[in-house]
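Chemist: In my numbering, each residue carries its 1-based index in the sequence shown increased by 675.
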Amino acid sequence: MTDKPRSDRFERGLATRRKVLGDAYVTRNLENANDFNWDVQVLTTEWCWDATWNRPGLDHRTRSFINLGMIAALNRPHEFKAHVRGALNNGITPDELKEVLVQIGTYCGVPAAMDCFRLAGEVLTDMGLLKP
């Protein structure tokens, strides 16, 4: 669905989305879009990635910290893994990530922390930041 018309908001959001989540992930999402789900790709790109992520009040690194906690609390493992990668791309270190996951355990519960540690470990391994 990459041939659909795109607004300036979409293009700005797309640039941020690619920077944070990586080209491969975003390209895969756009290429897998169809007439049924294209509108949610537009909404996500314009609203989340431009209207929110491109606001001047917080840097992307800080927004990543916030997202990890919220997505963990919502129990959205697929999005959690995507945002772990994004957080690392935004400069969060593996040690800082570990502290976020401990905080998640305190406020969201140990089962949530266990899942998040497992998911984050998969991303760290994929990115070559953790030995299997």
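Just so you know, even glycine gets a beta-carbon here, dropped at the ideal spot from N, CA and C.
In this text the structure is predicted, and so the values were computed from the model without any measurement.
Do you know how far the Cα of Asp725 is from the Cα of Arg687?
Modeler: 6 Å
Chemist: Please tell me whether Gly796 has its Cβ less than 7 Å away from any Cβ of chain D.
Modeler: The structure shown contains no chain D; it is built from a single protein chain.
Chemist: On the three-state DSSP scale, how would you describe Trp728?
Modeler: coil
Chemist: Look at Gly780 and Ala788 and say whether their C-beta atoms are less than 7 Å apart.
Modeler: yes
Chemist: I'd like to know if the segment 701–716 and the segment 746–753 are in contact, where contact means that at least 3 CB-CB pairs between them fall below 8 Å.
Modeler: no
Chemist: Please report the Cβ distance between Phe685 and Thr720, rounded to the nearest whole angstrom; I am assuming they are in contact, meaning their Cβ atoms lie under 8 Å.
Modeler: Confirmed, about 5 Å.
Chemist: Take the Cβ of Phe755 as the centre, count every other Cβ of all protein chains shown within 10 Å, and call the residue buried at 16 or more, exposed below.
Modeler: buried
Chemist: In the structure shown, what three-state DSSP assignment does Arg736 receive?
Modeler: In the structure shown, Arg736 sits in a helix (DSSP, three-state: H, G or I).
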